[in-house]
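In the numbering used here, the protein residues as written are 16 to 233. No residue lacks a Cβ here, since even glycine has one placed at the ideal position from N, Cα and C. Below is one structure, written out as C-alpha coordinates, with a few remarks after it.
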(Lines of atoms letter the chains of each structure in order from A; the text may use other names.)
(Lines give C-alpha, C1' and ligand atoms only; values in the text may rest on other atoms or scores of the structure.)
Protein backbone atom coordinates (compact mmCIF):
# COMPACT_ATOMS: atom_id res chain seq x y z
CA UNK A 16 0.00 0.00 0.00
CA UNK A 17 1.08 3.58 -0.59
CA UNK A 18 0.50 6.62 1.57
CA UNK A 19 -1.28 9.29 -0.43
CA UNK A 20 -0.87 12.13 2.06
CA UNK A 21 -4.54 12.91 1.41
CA UNK A 22 -7.79 11.88 3.06
CA UNK A 23 -10.07 9.50 1.18
CA UNK A 24 -7.96 9.42 -1.99
CA UNK A 25 -8.40 5.69 -2.53
CA UNK A 26 -7.32 4.00 -5.76
CA UNK A 27 -10.25 3.03 -7.97
CA UNK A 28 -10.68 0.62 -10.87
CA UNK A 29 -8.28 -2.05 -9.66
CA UNK A 30 -8.78 -5.50 -11.14
CA UNK A 31 -6.11 -7.73 -9.61
CA UNK A 32 -6.11 -6.59 -5.99
CA UNK A 33 -8.05 -8.44 -3.30
CA UNK A 34 -11.07 -6.51 -2.07
CA UNK A 35 -10.24 -7.07 1.60
CA UNK A 36 -6.88 -8.17 3.04
CA UNK A 37 -6.65 -9.17 6.70
CA UNK A 38 -3.11 -9.47 8.12
CA UNK A 39 -2.95 -10.54 11.78
CA UNK A 40 -0.17 -10.10 14.36
CA UNK A 41 0.29 -10.73 18.07
CA UNK A 42 2.82 -9.93 20.78
CA UNK A 43 3.17 -11.87 24.03
CA UNK A 44 3.37 -10.17 27.41
CA UNK A 45 6.86 -11.62 27.92
CA UNK A 46 8.11 -10.09 24.68
CA UNK A 47 6.51 -6.75 25.51
CA UNK A 48 7.94 -6.76 29.02
CA UNK A 49 11.38 -7.72 27.75
CA UNK A 50 11.39 -4.75 25.37
CA UNK A 51 9.95 -2.29 27.87
CA UNK A 52 6.70 -1.94 25.90
CA UNK A 53 3.29 -1.24 27.43
CA UNK A 54 0.12 -2.41 25.69
CA UNK A 55 -1.39 1.02 26.40
CA UNK A 56 1.24 2.56 24.12
CA UNK A 57 -0.68 1.17 21.15
CA UNK A 58 -3.48 3.60 21.94
CA UNK A 59 -0.96 6.43 21.69
CA UNK A 60 0.22 4.93 18.40
CA UNK A 61 -3.26 5.34 16.95
CA UNK A 62 -3.76 8.90 18.23
CA UNK A 63 -2.36 12.39 18.32
CA UNK A 64 -0.56 13.19 21.54
CA UNK A 65 -2.46 14.43 24.58
CA UNK A 66 -1.78 18.06 23.73
CA UNK A 67 -3.42 17.66 20.34
CA UNK A 68 -0.12 18.02 18.50
CA UNK A 69 0.54 15.68 15.62
CA UNK A 70 3.69 13.59 15.89
CA UNK A 71 4.61 13.69 12.22
CA UNK A 72 7.08 14.93 9.66
CA UNK A 73 7.57 14.78 5.92
CA UNK A 74 10.12 12.03 6.54
CA UNK A 75 7.39 9.47 7.15
CA UNK A 76 5.17 10.37 4.22
CA UNK A 77 6.72 7.87 1.84
CA UNK A 78 5.66 4.49 0.50
CA UNK A 79 4.65 1.62 2.77
CA UNK A 80 5.37 -1.73 1.16
CA UNK A 81 4.45 -3.97 4.10
CA UNK A 82 1.93 -3.95 6.92
CA UNK A 83 3.38 -2.34 10.03
CA UNK A 84 4.01 -5.07 12.61
CA UNK A 85 2.95 -4.78 16.23
CA UNK A 86 6.59 -4.53 17.27
CA UNK A 87 7.07 -1.56 14.95
CA UNK A 88 3.92 0.02 16.32
CA UNK A 89 5.25 -0.13 19.88
CA UNK A 90 8.43 1.60 18.71
CA UNK A 91 6.44 4.04 16.58
CA UNK A 92 4.38 5.16 19.58
CA UNK A 93 7.60 6.58 21.03
CA UNK A 94 8.78 8.25 17.87
CA UNK A 95 6.82 9.31 14.79
CA UNK A 96 4.30 6.51 14.51
CA UNK A 97 2.77 5.68 11.15
CA UNK A 98 -0.78 6.05 12.46
CA UNK A 99 -0.30 9.41 14.17
CA UNK A 100 -0.01 11.61 11.09
CA UNK A 101 -2.52 14.45 10.74
CA UNK A 102 -3.50 13.05 7.35
CA UNK A 103 -4.56 9.69 8.78
CA UNK A 104 -7.83 10.56 10.54
CA UNK A 105 -10.71 13.00 10.15
CA UNK A 106 -12.12 12.77 13.68
CA UNK A 107 -10.96 14.48 16.86
CA UNK A 108 -11.79 11.28 18.76
CA UNK A 109 -11.09 8.46 16.26
CA UNK A 110 -10.74 5.54 18.69
CA UNK A 111 -13.79 3.29 19.09
CA UNK A 112 -14.72 0.06 20.86
CA UNK A 113 -17.76 -2.10 21.70
CA UNK A 114 -19.66 0.65 23.50
CA UNK A 115 -18.83 3.90 21.66
CA UNK A 116 -17.87 5.03 18.17
CA UNK A 117 -15.74 7.88 19.53
CA UNK A 118 -13.73 7.52 22.76
CA UNK A 119 -13.15 10.67 24.81
CA UNK A 120 -10.19 11.26 27.15
CA UNK A 121 -11.85 9.48 30.07
CA UNK A 122 -12.65 6.46 27.89
CA UNK A 123 -9.06 6.39 26.64
CA UNK A 124 -7.71 6.49 30.19
CA UNK A 125 -9.90 3.54 31.23
CA UNK A 126 -8.94 1.62 28.08
CA UNK A 127 -5.24 2.06 28.77
CA UNK A 128 -5.62 0.76 32.32
CA UNK A 129 -7.45 -2.32 31.05
CA UNK A 130 -4.80 -3.00 28.40
CA UNK A 131 -1.97 -2.71 30.90
CA UNK A 132 -3.86 -4.98 33.31
CA UNK A 133 -4.05 -7.55 30.50
CA UNK A 134 -0.28 -7.29 30.07
CA UNK A 135 0.38 -7.59 33.80
CA UNK A 136 -1.68 -10.77 33.80
CA UNK A 137 0.50 -12.29 31.08
CA UNK A 138 -1.94 -12.21 28.17
CA UNK A 139 -1.13 -11.73 24.49
CA UNK A 140 -2.20 -8.65 22.57
CA UNK A 141 -3.50 -9.20 19.04
CA UNK A 142 -3.98 -6.93 16.05
CA UNK A 143 -5.97 -7.28 12.85
CA UNK A 144 -5.34 -4.80 10.04
CA UNK A 145 -8.08 -4.59 7.41
CA UNK A 146 -6.91 -3.22 4.05
CA UNK A 147 -10.01 -2.52 1.95
CA UNK A 148 -10.05 -1.71 -1.78
CA UNK A 149 -11.76 1.47 -2.90
CA UNK A 150 -14.05 -0.29 -5.38
CA UNK A 151 -15.46 -2.49 -2.60
CA UNK A 152 -16.23 0.61 -0.52
CA UNK A 153 -18.12 2.18 -3.42
CA UNK A 154 -20.03 -1.02 -4.20
CA UNK A 155 -21.18 -1.19 -0.58
CA UNK A 156 -22.14 2.51 -0.48
CA UNK A 157 -19.49 3.33 2.09
CA UNK A 158 -17.45 5.80 0.03
CA UNK A 159 -18.20 8.48 -2.57
CA UNK A 160 -15.13 8.95 -4.81
CA UNK A 161 -16.45 12.28 -6.13
CA UNK A 162 -16.68 13.91 -2.70
CA UNK A 163 -14.04 11.75 -0.98
CA UNK A 164 -16.46 11.17 1.92
CA UNK A 165 -16.30 7.89 3.82
CA UNK A 166 -19.13 6.58 6.03
CA UNK A 167 -16.94 5.94 9.06
CA UNK A 168 -19.79 5.29 11.48
CA UNK A 169 -21.15 2.46 9.34
CA UNK A 170 -17.67 0.95 9.06
CA UNK A 171 -17.14 1.20 12.82
CA UNK A 172 -20.46 -0.48 13.54
CA UNK A 173 -19.51 -3.26 11.14
CA UNK A 174 -16.18 -3.72 12.90
CA UNK A 175 -17.97 -3.89 16.26
CA UNK A 176 -19.82 -6.92 14.88
CA UNK A 177 -16.58 -8.42 13.50
CA UNK A 178 -14.81 -7.90 16.83
CA UNK A 179 -17.60 -9.59 18.78
CA UNK A 180 -17.55 -12.63 16.49
CA UNK A 181 -13.76 -12.80 16.56
CA UNK A 182 -13.55 -12.56 20.34
CA UNK A 183 -16.26 -15.19 20.84
CA UNK A 184 -15.58 -17.54 17.94
CA UNK A 185 -12.00 -16.98 16.79
CA UNK A 186 -10.32 -19.10 19.48
CA UNK A 187 -10.78 -22.54 21.04
CA UNK A 188 -13.01 -20.84 23.61
CA UNK A 189 -14.25 -17.24 23.82
CA UNK A 190 -11.20 -15.06 24.44
CA UNK A 191 -12.77 -13.50 27.53
CA UNK A 192 -14.35 -15.46 30.36
CA UNK A 193 -17.10 -12.79 30.42
CA UNK A 194 -18.01 -10.10 27.85
CA UNK A 195 -16.21 -7.55 30.05
CA UNK A 196 -13.01 -9.63 30.18
CA UNK A 197 -11.61 -8.32 26.87
CA UNK A 198 -10.11 -4.89 26.17
CA UNK A 199 -10.27 -3.92 22.52
CA UNK A 200 -10.23 -0.80 20.38
CA UNK A 201 -10.13 0.14 16.73
CA UNK A 202 -9.34 3.09 14.48
CA UNK A 203 -9.78 3.96 10.79
CA UNK A 204 -6.94 5.51 8.76
CA UNK A 205 -7.69 7.12 5.41
CA UNK A 206 -4.35 8.34 4.03
CA UNK A 207 -3.31 5.30 1.98
CA UNK A 208 -4.42 4.10 -1.45
CA UNK A 209 -6.55 1.43 0.29
CA UNK A 210 -8.63 2.12 3.39
CA UNK A 211 -7.06 0.74 6.58
CA UNK A 212 -8.98 -0.35 9.68
CA UNK A 213 -7.02 -1.55 12.72
CA UNK A 214 -8.31 -3.62 15.63
CA UNK A 215 -6.30 -4.41 18.79
CA UNK A 216 -7.57 -6.72 21.56
CA UNK A 217 -6.43 -8.61 24.68
CA UNK A 218 -7.93 -10.76 27.44
CA UNK A 219 -7.77 -8.94 30.79
CA UNK A 220 -7.95 -11.48 33.64
CA UNK A 221 -5.27 -14.16 34.19
CA UNK A 222 -5.76 -17.11 31.84
CA UNK A 223 -6.35 -20.44 33.61
CA UNK A 224 -8.21 -22.45 30.96
CA UNK A 225 -6.01 -25.26 29.53
CA UNK A 226 -7.44 -24.86 26.01
CA UNK A 227 -6.49 -21.18 25.95
CA UNK A 228 -3.15 -21.46 27.75
CA UNK A 229 -1.89 -23.36 24.69
CA UNK A 230 -2.36 -20.15 22.67
CA UNK A 231 -0.41 -17.94 25.06
CA UNK A 232 3.17 -17.60 23.89
CA UNK A 233 6.25 -17.91 26.13
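| Check | Outcome |
| --- | --- |
| Looking at the structure shown, is residue 169 part of a helix, part of a strand, or coil, going by DSSP? | helix |
| Return the first residue and the last residue of the beta strand (DSSP E) that residue 215 is part of. | 210 to 218 |
| Taking 7 Å as the cut-off, decide whether the C-beta atoms of residue 116 and residue 23 are in contact. | no |
| Is it the case that the Cβ atoms of residue 218 and residue 191 are separated by a distance below 7 Å? | yes |
| Decide if residue 81 is buried, meaning its Cβ has at least 16 other Cβ atoms within 10 Å, or exposed. | Low confidence applies here, because residue 81 scores a pLDDT of 42, under 50, leaving its location unreliable; read the following figure in that light. Flag for residue 81 reads exposed. |
| Between residue 44 and residue 162, what straight-line distance do the alpha-carbon atoms span, to the nearest angstrom? | 43 Å |
| Got a sec? Which residues, its chain only, sit under 6 Å from residue 26 by beta carbon, not counting five neighbours each side? | 149, 208 |
| From the DSSP output, in three-state form, read off residue 56 for me. | helix |
| Tell me whether residue 113 sits in a helix, a strand or coil according to DSSP, three-state version. | coil |
| So what does DSSP say about residue 49, is it helix, strand or coil? | helix |
| Please classify residue 39 as buried or exposed, where buried requires at least 16 other C-beta atoms within 10 Å of its C-beta. | exposed |
| When the Cα atoms are used, what is the spatial distance from residue 154 to residue 193? | 37 Å |
| Excluding sequence positions up to five away, which residues of its chain have a Cβ less than 7 Å from the Cβ of residue 225? | none |
| Exposed or buried, what is residue 187 when buried is set at 16 or more other beta-carbons lying within 10 Å of its beta-carbon? | exposed |
| Using the beta-carbon count (16 or more within 10 Å), is residue 124 buried or exposed? | exposed |
| So, with DSSP's three-state summary, where would you put residue 149? | helix |
| How big is the Cα-Cα spacing for residue 51 and residue 61? | 19 Å |
| Is DSSP giving residue 104 helix, strand or coil here? | coil |
| Can the beta-carbon of residue 143 be found less than 7 Å from the beta-carbon of residue 200? | no |
| Is the separation between the beta-carbon of residue 55 and that of residue 131 shorter than 7 Å? | yes |
| Using the Cβ count rule (16 or more neighbours within 10 Å means buried), how would you classify residue 211? | buried |
| Identify the residues that DSSP records as bridge partners of residue 18: which are they? | 207 |
| So for residue 24, helix, strand or coil by DSSP? | coil |
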